[in-house]
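Under numbering that gives the first Met the number 0, the first residue of the sequence shown is numbered 0, with each subsequent residue one higher.
From the three backbone atoms N, C-alpha and C, an ideal C-beta is built for every residue, glycine too.
Here's the structure we're looking at; comments come further down.
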Amino acid sequence: METSQGERETDSREPIESIYPGPLVFTGSSEEDVALAKQFWVSATMNPHPESQLVSSGTQQRLPVARTTGPTMAERTLNTENYKTEQLFEKNRKVQETEKKERYLQKAKKREEILDLLRKQREERIEVRLILKNKELVSLLHKPKVQVPQIKKELIKSERMDQEEVKTVSQLN
């Protein structure tokens, strides 16, 4: 028997493996389950029936879509009401945006004022430090120099005495 477009007719004597030579592996299943699974796989991969291809898929055979008539009077009044509410919402949104923009501009202005004040204070601190530093330099030139106290010399004498005592004690032992 011949079939069109590469289809095969199944003979009850042919095993499924000869019809579909694909890699079907069913390890650990019973023979009946394997046979049913292979039969399902073959039927799922078959080409569609020729009856389903009798009608072409072109748009010429489809029924024309009914045209809609214009909007009804109720829809027109609803549209005008929607338009009015949309205009009102748009107006409110624009007012809110301008208010928000004004707030941001005020905050930016205040920020700039604060930064200018901080810069001015910093410059004043730097000037004060420079003046103090100059005064210190001038005063250091005219200050008398401090002499090293004599306490250190006395400590050295006491250390010598201690060392002599340690020597005498070590000689006695």
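Going by DSSP, what residue range makes up the alpha helix (DSSP H) through K37? E30 to A43
Can you tell me the Cα-Cα spacing of E98 and K90, whole angstroms? 12 Å
L87 to E123 span [Cα, whole Å]: 54 Å
Cβ neighbours of S28 in the same chain (closer than 8 Å, five flanking residues each side left out): A36
Label K166 either buried or exposed according to how many other C-beta atoms from any shown protein chain fall within 10 Å of its C-beta, with 16 as the threshold for buried. exposed
Cβ neighbours of I113 in the same chain (closer than 7 Å, five flanking residues each side left out): none
Any idea what DSSP makes of I155, helix, strand or coil? helix
What did DSSP end up calling K142 once you bin it into helix, strand or coil? coil
Whole angstroms is fine: what's the gap from Q170's alpha carbon to E163's? A direct Cα-Cα distance of roughly 11 Å separates Q170 from E163.
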